[in-house]
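Enquirer: First, the structure itself, so that you have it in front of you.
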Amino acid sequence: MASTAKTSARFERKRETRKSVLIIDKIADWVIRIGGLMVIVAVFGIMAFLVAVVVPLFTGGRVISSTDKQLEIGDAPILGASVDDYHTLAAKIGADGKLEIFHIATGRRLQGPVLDFGGRRVTAFESTFDWRDVAFGLDNGSVRFGTVVIAGQVITAQQLPAGLQRLDARDQTDGTAVYSTIPGNQFRKIGVTTTLAPPQAVAPEGVAITAIDYHLGGTAERPTKTFVSLDANGVVRLSRAESRVNIMTRQVRTTLTTSEMPMLPQGAVAKKAVTTDKGDQVYVAAESGAIYRFDTRDFGKPMLAETAELLPPGAKLTVFGFLLGEQSLVIGGSDGTVDIYFRLERANAGTTDGFKLVRAHRMEPHRGAVVAFSASQRGKLFVTADAGGEIWLRHSTSEQTMLKLTKTAGAESYRAVLLSPREDGVLAIDGRGKASFWEIAVPHPETTLGTIFGKTWYEGYDSPTYTWQSSAGTDSFEPKLSLVPLIFGTIKATFYALLFAVPVALLAAIYTAEFVHPSVRATVKPIMEMMASLPSVVLGFIAALILAPIVETWISSVLMIFVALPLALLVAAHLWQLLPIDTAVRLQGVPRFAAMFVVLMLTLWLCVALGPAFETAFFAGDLKAWANGSIGTGFGFLFLVAMPLSYLAVFALTRRFAGGWILDQGRALRGARAGAFDTLRWVVSLAAAAVLSAGLAGLLTSIGYDPRGGVVGTYVQRNTLVVGFAMGFAVIPIIYTIAEDALSAVPEHLRAASLACGATPWQTATRVILPTAISGVFAAIMIGMGRAVGETMIVVMAAGNTPILEWNVFNGLRALSANIAVELPEAVRDSTLYRMLFLAALTLFVMTFVVNTVAEIIRQRFRKRAVQL
Amino acid sequence: MPATIEEAALHTRRIVAKPMPRVTDLSARGEPMTWLLGGALALGCTMIIGFLMLVFWNGIVTFWPKQVPVVTLTDGQVVAGEAFRTEEYRLGAEQLKDLPAEIRTRIAAASGFASRTLYRTGNYDIYNEDFRWVSDFQVAKTEAPRDIFFFERLEWGAFVGRITSVDLAGTALSGGDDDRLSRAHIQARARLQRIRQIEHDEIGAANYAVEQDRLRVRRAVLSYGEAAPEVAAVRAEVEKRAAGFKRDYDALAAEAQRLKADDERYRITLAEIGGREKTLKLSDLVRFYPANALGIFDKLAIYLSRWGEFLTDAPREANTEGGVLPAIFGTAAMTLLMVIVVAPFGIITALYLREYAKQGRLVSIVRISVNNLAGVPSIVYGVFGLGFFAYILGGSIDQIFFSERLPGPTFGTGGLLWASLTLALLTVPVVIVATEEALAAVPRSMREGSLACGASKWQTIRYIVLPRAMPGIMTGLILAMARGAGEVAPLMLVGVVKLAPELPIDGFFPYVHLERSFMHLGFHIFDVGFQSRNSEAGKPMVFVTTLLLIALIAGMNATAIVVRNRLKRKFVGSQF
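Below is the structure:
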């Protein structure tokens, strides 16, 4: 007894669970629960991140700060002004010929260089687009060129001169230049330098120049100055000064040629004149609002090409100038109108050179007269100021008013308004010397829902279009970012891919689930699933480099396959029906399947051999020329396309009206004769369908409908046909696997009951199994569609990458996914293009999200119903 | 009327036993539609089998050394090269009108088609083209001289021609002394190997040490400021080491110089078929053989040696020649890293779905999310990987840990780590689905038994369920690897490059460089096919790479299927 007590004491186990086990259990519980829910976080996290990157595209502009200072400047009216990149200094040219410089943040006037005009009065002034080079028109009819450059230079702390006066927290000055503190213990010295060239006579002596427009062009070795001048007599002259620098002596030799414009029609008072860099057009604006366009492509013989009345009667033209790129002409009127005009070629222009000024954009009108305007040096932003002191920042292409800057208290209407070179500041100076400065941020002015999804009128285009063209060679290029061509490309690729893949995959799935022997299915299923594991880069490579050239050479044979294959299978089926029923049942499994393979091979060989004959019969002998529209009619193609439809129509009609009679006749016969009768019936319906189809095609052709230019058109090697076939490889296994699973999952007892009632396997498949599994089949198609939408590598390689909006199957396309893959590696982080590509990714994500969620809900409901059965 | 029961029975049987008319209702059999169904399946099978055969055939045959015929054309030109491929083509009207009459009739008889052969003439530096089309009607004479050699070079691709002279450090070699030539060639290659080793590995190590020192100084400057005493101390330390490094570097550079000078003395002069000569160093030749004078075993030897080079060598000539070892390495490294990341995430989610979650709204949403993750296009993952992982996470890591290397990004751009994370996100659904299946296959009785013995839930999972489910989980991981190895689109954005200067795993600390860009087999296919100077020349390389990639993926899938079948066999019928 004592020993058992001792042993039991030694081996006594604790009843309680160890603490560590409980703690670990609890930790595991939490970790696994949270980990499981992380999937939801992942999906929504991705979506949220994409949205966060995209949202800044639509936020418009904002004002960061605004200051206004009373400047210590003279009373002379302002002729022109400029500001530097960093908003430190501004330079103002007054009508008295004086150059005044002031510090923007404090308004303090600094000592600037003196421009000596030799006692002459300045009557006109203009600078080039980048404000560096200037031209002064004098009261004696001469013009003086020069430069007014506000330049910055980085110096170290050691190089900083002593005795500087402090202006504000950042800047100090020595009276002429400003020293700004920048990070890294350095300073930026900003000062103004000027040059002034000797005068050149343009107008006759004593006639003042009243307006001037100045452009620089040519090359570094041979710079050209092009300028147009308007004198007090109303004569407009276009001049070109070409300078040659002698490399050895460093002497500059300038030759000036001038051409006089024809006189304006009676009564017109010219107010301003504008020309382009090349000097090929001169626009003269009259006070009444009429624009006179002179064609000066032939320098010696200018002619009046067009007279345009661009403002309503009664309104005067107040603002007139080009935006960056010299394609958009900005017209501002005394009634507040702000319009943008393009010079476009028009068929019924009514002008001497076939070009016409067409209004492209109507901007939001000001309430008062437009008094000043400044264009951005980088893009299509511009600023307009009106008589009431309002300054509005606008973007021409997207027709937006980005910011409306509230006028500072007590300011009169502004005399000069400037948009800073980096599009981050607006400076305005009014008649009494008050300067207002706003620091702004307008990161993505060119994108709105309208420009992304609607038609936009870009410079150089005849009408509003959907265009995607994100980069080109020149600096003044305007990126055209519309997603519509890309979305269209995705839809086109998906449509043609599904058109090929869905019939093949579904029919194959039904056959695998219902008609094949289990051992054959065990071989066939892995073979089809092997298609799923092929990487799409391999598919794309084969499609683009092997398949596309073969299809191009043998296009007629390829098209013939679409027609010949179903026909051959039907012929073979009817021949098979001639077999006695016992043989047919015995050979039902593998031998019949093998026979189908044989028929397939024979048809392919036949198509290769008869391709040219097919081409001659339906496509007038040369398919590429036919597709181009050069030869033949659309009759053959329409006939082929209408055949399946008319065959179905004939089939339905025969069933309805003669079905009973045919069945009775067939039942009365035996064996091979029944087969022969059925074959006869089929041949007759085929002939009837051919007649119907020919009639339909003839009708359509006679009323002028031609499919070329629509669904078929010019042939390109890497086209949608090839892409559709290659995407078939990617999509078919997905649809096949899911549809086959859905069909196999139908409960066996349904199948058994149907067969027991005497139905044939075919009747069971179509009337019992397929309707039960229809939602699974539908889900399979949706998931296949999701895959086709997202497919990238095949489209990058085989689709030609042309963002066009045509349904032509022989043409290329550019899809959202391919576009992202090609352009994102080179997009600057956080630029407009970067965010647009994220928007494209978001669009793709949303499209597949919707499709997959719908498919999943249907699939879950299908599972529930199948369980109920 | 039947009188007795027997008569009644006979009567009934006679009524009942009246034979049914044997009708042949062909429309019920639906034979035509069945043939369309079967035809679709046959088409699908033919597509995949044909595709695989195409890739297999083109890939297998690529490295086999071909004959080099010398073709004399009707206009006197001579073309020598490997016959690359032959095709039928249709002649345009302008081409037809320059031809003599009997050729035109022959072409017309063949419905406008003629055949032409693409010859790989090589000698790009002399001819300015790699290939030449020769139509069958242009050929006057074809012969296969035994002294025509096919040379593979380090630069400029292939050379087709004859050997004019060989100069081995002053000794000229006589015409037929092939043995001595091949021995000298082997020595020259070994010398080149040694030069490369010195420059890449040894001088590379010295450069690495110097760079580390520079970063040490910069880090000190950034943390303490330019004038601090710590900085001066670090600089002094670095100075001391610098002398030693310079000495090492000079010695190595001198040795490399000596070897290069020695190498220069072994030269070979080649002449192309038109007579123009070119002199090369013997070490510039990778391989050469008399194309028309090889026996079957010689050809086999060359074939196997080319395969060996393909699998173990680095690429050259802008990826169109040489091997794909860096790509194989990069693919393997990325896939392994991806599996390490995806396994815990996928297994935990599957455990949640199967063991911990109650059926209801939340589980539905999780399942829908899993299916959505599966359906999201792979390029969107790439965009997310670039924008979030590389720019935001990587940028922050750079700011905090690697500020001395700025503005050059370390983690702030695509690399091995971000690519693996992106692909892990992409393949998570595969692992989840496979793991769920594996967990479901573990019989409930086992779980119940374990719980009945007093184990806690986690103990059950850890000791009973997971080990039993391990084969299925392995299947899922292998399938995920197969999927990851084949995806290219997201990798184009997050870290794969055309030519990586170094492998992501090497001998310098920290040995696994997660920030480096790497090469990938799938991207290699895209790059060689579409971004090389001559995609025709690149096609053989692409086929072989495709064959390799498909073999890898098929191998992984087959392993997964075998493991899955073994699992099924193990558990079918195992109840207790």
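Line by line, the protein sequences are chains A and B.
Take 38 as the starting number for the first sequence in our numbering and just add one per residue.
Take 454 as the starting number for the second sequence in our numbering and just add one per residue.
All residues carry an ideal CB built from backbone N, CA and C; glycine is no exception.
Treat the numbers as computed from the prediction; the structure is a model and nothing was measured.
(1) Would you report the Cα separation of arginine 720 of chain B and arginine 647 of chain B, rounded to the nearest angstrom?
(2) Just the chain A side, please: which residues come within less than 8 Å of arginine 543 of chain B by C-beta, in chain order?
(3) For the structure I just gave you, are there three or more beta carbon pairs, one from the region 612-623 of chain A and one from the region 587-599 of chain A, closer than 8 Å?
(4) Count the other C-beta atoms from every protein chain shown that fall within 10 angstroms of the C-beta of serine 898 of chain B, then say buried if there are 16 or more, exposed otherwise.
(5) List, in order along the chain, the chain B residues whose C-beta lies closer than 8 Å to that of leucine 700 of chain A?
(6) Using CA atoms only, rank isn't needed, just tell me which of B/Gln520, B/Leu904, B/Met994 is closest to phenylalanine 763 of chain B.
(7) List, in order along the chain, the chain B residues whose C-beta lies closer than 7 Å to that of glutamate 893 of chain A?
(8) Short of 8 Å in beta carbon distance, which residues of its chain neighbour leucine 323 of chain A, apart from the five on each side in sequence? Order them along the chain.
(9) Under 8 Å Cβ to Cβ from threonine 757 of chain A, same chain only, skipping five residues before and after it: list those, please.
(10) Provide the residue span of the alpha helix (DSSP H) that contains glutamate 762 of chain B, from first to last.
(11) Cβ atoms of valine 881 of chain B and phenylalanine 882 of chain A: under 8 Å apart, would you say?
(12) Cα-Cα, which of A/Thr104, A/Thr54, A/Met884 is closest to threonine 443 of chain A?
(13) Go through its chain and collect everything with a Cβ distance to glycine 823 of chain A's Cβ below 7 Å, but skip five positions before and after it.
(14) Measuring only the C-alpha atoms, how far is alanine 864 of chain A from valine 836 of chain B?
(15) Select from the region 836-850 of chain B all residues with a C-beta closer than 7 Å to any C-beta belonging to chain A, and list them in chain order.
(16) Could you check whether the Cβ of asparagine 889 of chain A sits closer than 8 Å to any Cβ belonging to chain B?
(17) Against chain A, which members of the region 968-988 of chain B pass a CB distance test of less than 7 Å?
(18) Have a look at A/Ile547, A/Gly497, A/Gly491 and flag the residue whose alpha-carbon is nearest the alpha-carbon of leucine 520 of chain A.
(19) In this structure, what does DSSP give as the bridge partners for valine 229 of chain A?
(20) Should methionine 38 of chain A go down as buried or exposed, given a rule of 16 or more other Cβ atoms within 10 Å for buried?
(21) Starting from tyrosine 557 of chain A, trace the alpha helix (DSSP H) both ways and give me its first and last residue.
(22) Any heavy atom of the ligand COA within a distance shorter than 7 Å of the CB on alanine 610 of chain A?
(23) I need the DSSP call for lysine 63 of chain A, collapsed to helix, strand or coil.
(24) For leucine 878 of chain B, I'd like the list of residues in its chain whose CB is within less than 7 Å of its CB, leaving aside the five on either flank, ordered along the chain.
(25) Tell me the rounded alpha-carbon separation between methionine 972 of chain B and phenylalanine 875 of chain A.
(26) Using a Cβ cut-off of 8 Å, which residues of the region 568-583 of chain A contact any Cβ in chain B, in chain order?
(27) Nearest to alanine 593 of chain B by CA position, among B/Leu930, B/Glu955, B/Asn576, B/Val524, is which residue?
(28) Applying the criterion that 16 or more other CB atoms from any shown protein chain within 10 Å of the CB defines a buried residue, is tryptophan 911 of chain B buried or exposed?
(29) In angstroms with no decimal places, state the Cα-to-Cα distance between serine 1027 of chain B and alanine 922 of chain B.
(30) With a cut-off of 8 Å, does the C-beta of glutamate 484 of chain B fall near any C-beta of chain A?
(31) To test your reading of the DSSP string, which unbroken beta strand (DSSP E) runs of 3 or more residues are found completely within the region 942-974 of chain B?
(32) For valine 171 of chain A, collect the residues of the same chain with a Cβ closer than 8 Å to its Cβ; drop the 5 residues on either side in sequence, then sort them by chain order.
(33) Indicate the three-state DSSP secondary structure (helix, strand or coil) for arginine 157 of chain A in the structure shown.
(34) Check whether the region 428-437 of chain A and the region 453-465 of chain A are in contact - that is, three or more C-beta pairs closer than 8 Å.
(35) Of the residues B/Val613, B/Val950, B/Val997, B/Leu930, which one's Cα is nearest the Cα of alanine 533 of chain B?
(36) For phenylalanine 798 of chain B, go through chain A and note every residue whose CB falls closer than 8 Å to its CB, in chain order.
Expert: On the basis of the supplied data:
(1) 18 Å
(2) Chain-order list of chain A residues neighbouring arginine 543 of chain B: Thr590, by C-beta distance under 8 Å.
(3) Contact between the region 612-623 of chain A and the region 587-599 of chain A is absent, because fewer than three Cβ pairs lie under 8 Å.
(4) Burial call: exposed.
(5) Asp478, Ser480
(6) B/Met994
(7) Those are Ile821, Asn824, listed as they occur along chain B.
(8) Just to set this straight, residue 323 of chain A is alanine in the shown sequence, not leucine. So the list reads Leu301, Ala305, Val306, Ala307, Lys308, Tyr329, Leu354, once near-sequence residues are dropped.
(9) Lys529, Ala530, Tyr533, Ala836, Asn845, Val846, Phe847, Asn848, Gly849, Leu850
(10) 749-765
(11) no
(12) It is A/Thr104.
(13) Thr885, Val888, Asn889
(14) Alanine 864 of chain A and valine 836 of chain B have their C-alpha atoms some 12 Å from each other.
(15) Val836, Phe837, Leu839, Gly840, Phe841, Tyr844
(16) yes
(17) Per Cβ criterion, the list reads Gly975, Ile978, Phe979, Gly982, Phe983, Ser988.
(18) The candidate whose alpha carbon is nearest that of leucine 520 of chain A is A/Gly491.
(19) A/Ile187
(20) Any reading at methionine 38 of chain A is ruled out, since the residue's pLDDT is 48, under 50, leaving its predicted position unreliable.
(21) For clarity, residue 557 of chain A is valine in the given sequence; the question names tyrosine instead. Counting along the chain, the alpha helix (DSSP H) containing valine 557 of chain A begins and ends at 555-570.
(22) In terms of ligand content, the structure shown is empty, and the ligand COA therefore cannot be addressed.
(23) Annotated three-state conformation of lysine 63 of chain A is helix, per DSSP.
(24) Answer for leucine 878 of chain B: Tyr834, listed in chain order.
(25) 25 Å
(26) Residues of the region 568-583 of chain A with a C-beta atom less than 8 Å from some C-beta of chain B are Met568, Ser570, Leu571, Pro572, Ser573, Val574, Val575, Gly577, Phe578, Ile579, Ala581, Leu582, Ile583, listed in chain order.
(27) Put simply, of B/Leu930, B/Glu955, B/Asn576, B/Val524 the residue whose alpha carbon is nearest the alpha carbon of alanine 593 of chain B is B/Val524.
(28) buried
(29) Residue placement at serine 1027 of chain B cannot be trusted, given a pLDDT of 46 that sits under 50; what the coordinates show is reported in the next sentence. Going from the Cα of serine 1027 of chain B to the Cα of alanine 922 of chain B covers about 14 Å.
(30) yes
(31) Runs of the beta strand (DSSP E) lying entirely within the region 942-974 of chain B, each at least 3 residues long, are absent.
(32) Gly117, Ile130, Phe162, Glu163, Ser164, Thr165, Phe182, Gly183, Thr184, Val185, Tyr251
(33) Coil.
(34) yes
(35) Alanine 533 of chain B has its Cα closest to that of B/Val613, out of B/Val613, B/Val950, B/Val997, B/Leu930.
(36) Here the neighbours are Gly72, Met75.
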